[in-house]
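Trainee: What follows is a structure written as structure tokens; I'll ask about it next.
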Amino acid sequence: MNTAASHTAPPPSSVPPRRSFFRWVTAGISVVAGVLAGGPLIAYLLRPRSAPVEWVALGKVRDFPPQETRRVTFDNPIRQPWDGMVARATVFVRYEGKDPAGQDRFSVLDVNCAHLGCPVSWFPESALFMCPCHGGVYYSDGSRASGPPPRGLYECVWRIQGDHLEIQAPHYPTLQNTLTHEADSEGRPTTSTKPV
Amino acid sequence: MLRHPIPRAIEGPMGWWYIFGSASMTLLFLQILTGIGLALVYVPSADKAYDSLLYLNQSEPLGWFLRSLHYYAGSGMVVLVLAHMTQVFLQGAYKYPRELTWVLGVCLLLCTLGMFFTGQVLRWDPDAYWGLAVGASMAGRVPVLGPWIVELLLGGPVIGADSLSRFFALHVFVIPGLLLAALAVHLWLVLTCGISDVPRPGAPVDPRTYDAHYQQELHRAGVPFLGNAMLKDIFASAVAVIAVVIIAALMGPKGPTGPPDPTLPGANPRPEWPFLWLFALLALSPPSVETLVMLVFPVVLIVALFLVPFVNNRGERSPSRRPVAVLSVIVIYTVLGALTYEGTTAPWSPAMTAWSGDPIPVAMVKQSTPLSLQGAVVFQNKNCRNCHALDGIGGRRGPDLTLVGSRLTRDQLIDQVSNGTPGAKGSPGGGEMPAYGKQISPPQMTALVDFLSNLRPKGQPPAEPAAHPSARNDQP
Numbered sequence: 001m002n003t004a005a006s007h008t009a010p011p012p013s014s015v016p017p018r019r020s021f022f023r024w025v026t027a028g029i030s031v032v033a034g035v036l037a038g039g040p041l042i043a044y045l046l047r048p049r050s051a052p053v054e055w056v057a058l059g060k061v062r063d064f065p066p067q068e069t070r071r072v073t074f075d076n077p078i079r080q081p082w083d084g085m086v087a088r089a090t091v092f093v094r095y096e097g098k099d100p101a102g103q104d105r106f107s108v109l110d111v112n113c114a115h116l117g118c119p120v121s122w123f124p125e126s127a128l129f130m131c132p133c134h135g136g137v138y139y140s141d142g143s144r145a146s147g148p149p150p151r152g153l154y155e156c157v158w159r160i161q162g163d164h165l166e167i168q169a170p171h172y173p174t175l176q177n178t179l180t181h182e183a184d185s186e187g188r189p190t191t192s193t194k195p196v
Numbered sequence: 197m198l199r200h201p202i203p204r205a206i207e208g209p210m211g212w213w214y215i216f217g218s219a220s221m222t223l224l225f226l227q228i229l230t231g232i233g234l235a236l237v238y239v240p241s242a243d244k245a246y247d248s249l250l251y252l253n254q255s256e257p258l259g260w261f262l263r264s265l266h267y268y269a270g271s272g273m274v275v276l277v278l279a280h281m282t283q284v285f286l287q288g289a290y291k292y293p294r295e296l297t298w299v300l301g302v303c304l305l306l307c308t309l310g311m312f313f314t315g316q317v318l319r320w321d322p323d324a325y326w327g328l329a330v331g332a333s334m335a336g337r338v339p340v341l342g343p344w345i346v347e348l349l350l351g352g353p354v355i356g357a358d359s360l361s362r363f364f365a366l367h368v369f370v371i372p373g374l375l376l377a378a379l380a381v382h383l384w385l386v387l388t389c390g391i392s393d394v395p396r397p398g399a400p401v402d403p404r405t406y407d408a409h410y411q412q413e414l415h416r417a418g419v420p421f422l423g424n425a426m427l428k429d430i431f432a433s434a435v436a437v438i439a440v441v442i443i444a445a446l447m448g449p450k451g452p453t454g455p456p457d458p459t460l461p462g463a464n465p466r467p468e469w470p471f472l473w474l475f476a477l478l479a480l481s482p483p484s485v486e487t488l489v490m491l492v493f494p495v496v497l498i499v500a501l502f503l504v505p506f507v508n509n510r511g512e513r514s515p516s517r518r519p520v521a522v523l524s525v526i527v528i529y530t531v532l533g534a535l536t537y538e539g540t541t542a543p544w545s546p547a548m549t550a551w552s553g554d555p556i557p558v559a560m561v562k563q564s565t566p567l568s569l570q571g572a573v574v575f576q577n578k579n580c581r582n583c584h585a586l587d588g589i590g591g592r593r594g595p596d597l598t599l600v601g602s603r604l605t606r607d608q609l610i611d612q613v614s615n616g617t618p619g620a621k622g623s624p625g626g627g628e629m630p631a632y633g634k635q636i637s638p639p640q641m642t643a644l645v646d647f648l649s650n651l652r653p654k655g656q657p658p659a660e661p662a663a664h665p666s667a668r669n670d671q672p
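Put into structure tokens, the structure is as follows:
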């Protein structure tokens, strides 16, 4: 449809002001339309989903015998109402006795292998965690024993509320986004996991 | 479109090489139809997806067959797309003027593989859940942007309902949209550039004269596509459809392997077959280069595929004059095949139940001393069997210990068990074997070493410390 016009149209420099104005208006209104529709769309797609810190009770402190690793499953409060059984989560809890100040000490390790996230299993006889995917092995304190993992198991942040052990609801941990929010490239778990 | 002329040689027996593209397209249409059928029942919600899959398998009439067909036609599509690419590569059909057609073809391959991966997630079973976990962990290794990409992939801070919805949108809307768009351009380019002639040795492609020569040949001896060439395509497509239908009916639907409960013990995630080679590559690469292999290697591979026609778009087309091309194909498929085999058997994975599931072969403990018998119990209880096989049964991560007594002395055994195999200093990964020093008591160690050093052929003495080099000189 433009071809017919271009045969007779004068050179672009002498486009009538009315038409030139209309071009600018069209360009402008298109940009406005794009921003109005695209802005919220992109904001929706890239919206940050920073979950508020939530605490999950894992059980009574005295129910955890000293120096014994216990597998604890719970419903993760970081979830959608229609998550179903996928919201269930596993951690390994070990009561490490009291520190010199008389405070209870725990080690709460996440189930996801630090290598590629597969679920590790606890073997009490050999006191080792083993991963079924690529053979990562960890000692009872979560430090790396053998295999490809670049660090120890991820530690959960815990606290004692009344006589209950609670942990911060864990997100999916990765090397740069651990559960203690501290990049730790050492082979040992972070030592910063103190009662909060 | 159907009457457009094509080179005469394609009507001959060489035309059978040209069937793979149309056959994979036929399977794509079958995928669209079965996919729509499945979408009528499947519920893409984390708490209902598994139940709706079971309903499809068990209650919905022919639901099981639709699921099965969708899986095996998808697998067939991957096979045919690869066959099509291999044929185009071997016969130099990607050369001038069809470079862009090849590029679109690589896009189609990536879309097909993307459909496979996202489709596996929709199967919402433990493999899907842990597949997402592995994918997220790999993405999490991207420098700086890692955590952001993980959120984008999972649709939130955890693997859950948002992850499933996200992969449903990818599998049903985003990737099919891209795939069909790429296919449209691919087909338009096939029509515009014409179908490449059968390659002849000694007839190199020269971009300056190619077009004129091709058109001239078409004018002189072109035949309509709607003829014997298309007949071959239809025949091959029909064979492909019948093959996947028979396989689907015989094999039945794939999974779901179990409810998507991440707390279920015994999860043993494996990727789908087109990705087994990558799984093996990641398991076999040393920890120090692993992140590089994980993140950079696939990108290099994809870029290399895209660049194929730009590296060399002229010259000989016939495979008989392109030994490097033929050799590359052989090497690539051998490597992919070997890695896929390794990925299927996964010898690096510990056999998590071997310690309790595989008893010590009776012949190994017959006439043993009580100490040695005690050692056999320690061997089982300490989960040694998860990584070490006896008589070929057990884990294969560590060496088979059936004859270890003739290889290692008692001192060497004690050292190996106590200290394990330390990882290289500065290496991000650990060694091959954990140190059992703190996991085993002195009496247990004594018994274990007694058991292990007796594992040797009848009549053969236990291993002895290696003789000092100076002592060897005395030998005649």
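Read top to bottom, the protein sequences are chains D and U. With the first letter of the first sequence counted as 1, position 51 gets the number 51 in this note's numbering; the numbers rise by one all the way through. Convert by adding 196 to the 1-based position in the second sequence; the result is the number in this note's numbering. Cβ atoms here follow ideal geometry from the backbone N, Cα and C, with glycine treated the same way. Keep in mind that this is a model prediction, so the values were computed, not measured.
(1) Closer than 8 angstroms by beta-carbon distance: list the chain C residues that pair up with R593 of chain U, in chain order.
(2) Do V108 of chain D and C156 of chain D come within 7 angstroms of each other at the CB atom, strictly closer than that value?
(3) Would a check of beta-carbon distances place A127 of chain D closer than 7 angstroms to chain U?
(4) Going by Cα to Cα distance, which pick from U:L488, U:T388 and U:S218 is closest to G272 of chain U?
(5) Which runs of the alpha helix (DSSP H), 4 residues or longer, sit entirely within the region 435 to 522 of chain U?
(6) Count the other C-beta atoms from every protein chain shown that fall within 10 angstroms of the C-beta of Q412 of chain U, then say buried if there are 16 or more, exposed otherwise.
(7) I want to verify the contact list: residues of chain U whose CB lies under 8 angstroms from the CB of I167 of chain D, in sequence order.
(8) What residues match up with K203 of chain D in a beta bridge as DSSP calls it?
(9) So, is the C-beta of S20 of chain D closer than 7 angstroms to a C-beta in chain U?
(10) Can you tell me where the alpha helix (DSSP H) with E96 of chain D in it begins and where it stops?
(11) I need the straight-line Cα distance from N577 of chain U to P52 of chain D, nearest angstrom please.
(12) Could you have a look at L109 of chain D and say whether DSSP puts it in helix, strand or coil?
(13) Would you check if the distance between the CB atom of L609 of chain U and the CB atom of L648 of chain U is smaller than 7 angstroms?
(14) T459 of chain U CB to nearest chain D CB: under 7 angstroms?
(15) Please report the residue range of the beta strand (DSSP E) in which F369 of chain U lies.
(16) Between C303 of chain U and A378 of chain U, is the Cβ-Cβ spacing less than 7 angstroms?
(17) When the Cα atoms are used, what is the spatial distance from N509 of chain U to V401 of chain U?
(18) Could you name the residues of the region 145 to 172 of chain D whose beta carbon sits closer than 7 angstroms to any beta carbon of chain U, in the order they occur along the chain?
(19) Could you tell me the boundaries of the beta strand (DSSP E) in which S146 of chain D lies?
(20) Does DSSP classify Y138 of chain D as helix, strand or coil?
(21) Looking at the ligand SAM, does it come within less than 6 angstroms of L109 of chain D, judged from the CB to the closest heavy atom?
(22) Along chain D, in chain order, which residues have C-beta atoms closer than 9 angstroms to that of T617 of chain U?
(23) Assess, as a yes-or-no matter, whether the region 454 to 464 of chain U is touched by the region 83 to 101 of chain D under the definition of 3 or more beta carbon pairs within less than 8 angstroms.
(24) Kindly list, in the order they appear in chain D, the residues whose Cβ is closer than 8 angstroms to that of K578 of chain U.
(25) List the residues of chain D whose Cβ lies closer than 7 angstroms to the Cβ of S241 of chain U, in chain order.
(26) With a threshold of 16 other CB atoms inside 10 Å of the CB of K654 of chain U, please say whether the residue is buried or exposed.
(27) For V338 of chain U, which of helix, strand or coil comes out of DSSP?
(28) Are the C-beta atoms of R581 of chain U and some chain D residue less than 7 angstroms apart?
(29) Between U:H266, U:L472 and U:L309, which has its C-alpha nearest L366 of chain U's C-alpha?
(30) For V239 of chain U versus A245 of chain U, is the C-beta spacing smaller than 7 angstroms?
(31) What are the residues that DSSP puts in a beta bridge with T73 of chain D?
(32) Could you spell out the range, first to last residue, of the alpha helix (DSSP H) harbouring L599 of chain U?
(33) Between the region 347 to 357 of chain U and the region 172 to 180 of chain D, are three or more C-beta pairs nearer than 8 angstroms?
(34) Does P195 of chain D come out as helix, strand or coil in the three-state DSSP assignment?
(35) Quick one: grab the DSSP three-state call for M548 of chain U.
(36) For I232 of chain U, count neighbouring Cβ atoms within 10 angstroms of its own Cβ and tell me buried if that reaches 16, exposed if not.
Mentor: Answer, in terms of the structure:
(1) Structure shown: chain C not included; protein chains present are D and U.
(2) Against the first sequence, residue 156 of chain D aligns to sequence position 156. Against the first sequence, residue 108 of chain D aligns to sequence position 108. The answer is yes: Cβ separation under 7 angstroms.
(3) In the first sequence, counting from the first residue as 1, residue 127 of chain D sits at position 127. Interface residue, yes.
(4) In the second sequence, residue 272 of chain U corresponds to position 76, counting from 1. Comparing Cα positions, the closest option is U:S218.
(5) 472 to 480 and 483 to 507
(6) Start at 1 with the first residue of the second sequence, and residue 412 of chain U comes out as number 216. So Q412 of chain U counts as exposed.
(7) As a working note, residue 167 of chain D is residue 167 in the first sequence. Within 8 angstroms Cβ-Cβ: nothing; I167 of chain D doesn't reach chain U, min ~14 angstroms.
(8) Residue 203 of chain D is absent from the model: chain D starts at 1 and stops at 196.
(9) To locate residue 20 of chain D, count along the first sequence from 1; it is residue 20. With 7 angstroms as the cut-off, S20 of chain D does not count as an interface residue toward chain U.
(10) Position 96 of the first sequence holds residue 96 of chain D. From DSSP, E96 of chain D is part of no alpha helix (DSSP H) but of the beta strand (DSSP E) over R88 to K98.
(11) The count along the second sequence starts at 1 and reaches residue 577 of chain U at position 381. The count along the first sequence starts at 1 and reaches residue 52 of chain D at position 52. Cα to Cα, the separation comes out at about 43 angstroms.
(12) On the first sequence, position 109 is the one that residue 109 of chain D refers to. Of the three classes helix, strand and coil, the one that applies to L109 of chain D here is strand, per DSSP.
(13) For the purposes of this step, residue 609 of chain U is taken as residue 413 along the second sequence, with counting starting at 1. For the purposes of this step, residue 648 of chain U is taken as residue 452 along the second sequence, with counting starting at 1. Contact: yes.
(14) Within the second sequence, residue 459 of chain U is the residue found at index 263, counting from 1. So yes, T459 of chain U belongs to the interface.
(15) As a working mapping, residue 369 of chain U is identified with position 173 in the second sequence. From DSSP, F369 of chain U is part of no beta strand (DSSP E); its letter is neither H nor E.
(16) Here residue 303 of chain U refers to the residue found at position 107 when the second sequence is read from its first residue. Here residue 378 of chain U refers to the residue found at position 182 when the second sequence is read from its first residue. Yes. Within cutoff.
(17) By one-based count along the second sequence, residue 509 of chain U stands at place 313. By one-based count along the second sequence, residue 401 of chain U stands at place 205. Those two C-alpha atoms are separated by around 8 angstroms.
(18) A145, S146, G147, P148, P149, P150, H171 and Y172
(19) Within the first sequence, the letter at position 146 stands for residue 146 of chain D. Looking at the DSSP string, the run of the beta strand (DSSP E) that includes S146 of chain D is R144 to S146.
(20) As a first step, residue 138 of chain D must be located in the first sequence, where it is residue number 138. Strand.
(21) Summarising the ligand content, the structure contains no ligands, and the ligand SAM is consequently not present.
(22) Against the second sequence, residue 617 of chain U aligns to sequence position 421. The answer, in chain order, is S146.
(23) yes
(24) Indexing the second sequence from 1 puts residue 578 of chain U at position 382. Here the neighbours are E125 and S126.
(25) Here residue 241 of chain U corresponds to residue number 45 of the second sequence, with the count starting at 1. Result: W82.
(26) Position 458 of the second sequence, counting from 1, holds the residue named residue 654 of chain U. When all chains shown are included, K654 of chain U counts as exposed.
(27) Numbered from its first residue, the second sequence carries residue 338 of chain U at position 142. Of the three classes helix, strand and coil, the one that applies to V338 of chain U here is coil, per DSSP.
(28) For the purposes of this step, residue 581 of chain U is taken as the residue at position 385 of the second sequence. Not closer than 7 angstroms to any Cβ of chain D, the Cβ of R581 of chain U fails to qualify, so no.
(29) For the purposes of this step, residue 366 of chain U is taken as residue 170 along the second sequence, with counting starting at 1. It is U:L309.
(30) For this step, residue 239 of chain U is matched to residue 43 along the second sequence. For this step, residue 245 of chain U is matched to residue 49 along the second sequence. Yes, the pair counts as a contact, with Cβ atoms nearer than the cut-off.
(31) Counting from 1 along the first sequence, the entry for residue 73 of chain D is found at position 73. In the DSSP output, where bridge partners are listed per residue, T73 of chain D has D:T90.
(32) Position 403 of the second sequence holds residue 599 of chain U. Taken as a continuous stretch (DSSP letters only), L599 of chain U belongs to no alpha helix (DSSP H), as it is neither H nor E.
(33) yes
(34) By one-based count along the first sequence, residue 195 of chain D stands at place 195. Reliability fails at P195 of chain D, whose pLDDT of 48 lies under 50, so the model's placement of it is uncertain and the value that follows must be treated cautiously. Three-state result, P195 of chain D: coil.
(35) Sequence index remark: in the second sequence, residue 548 of chain U carries index 352 (1-based). M548 of chain U: coil per DSSP, three-state reduction.
(36) Position 36 of the second sequence, counted from the start, is the residue given in the question as residue 232 of chain U. Classification for I232 of chain U: exposed.
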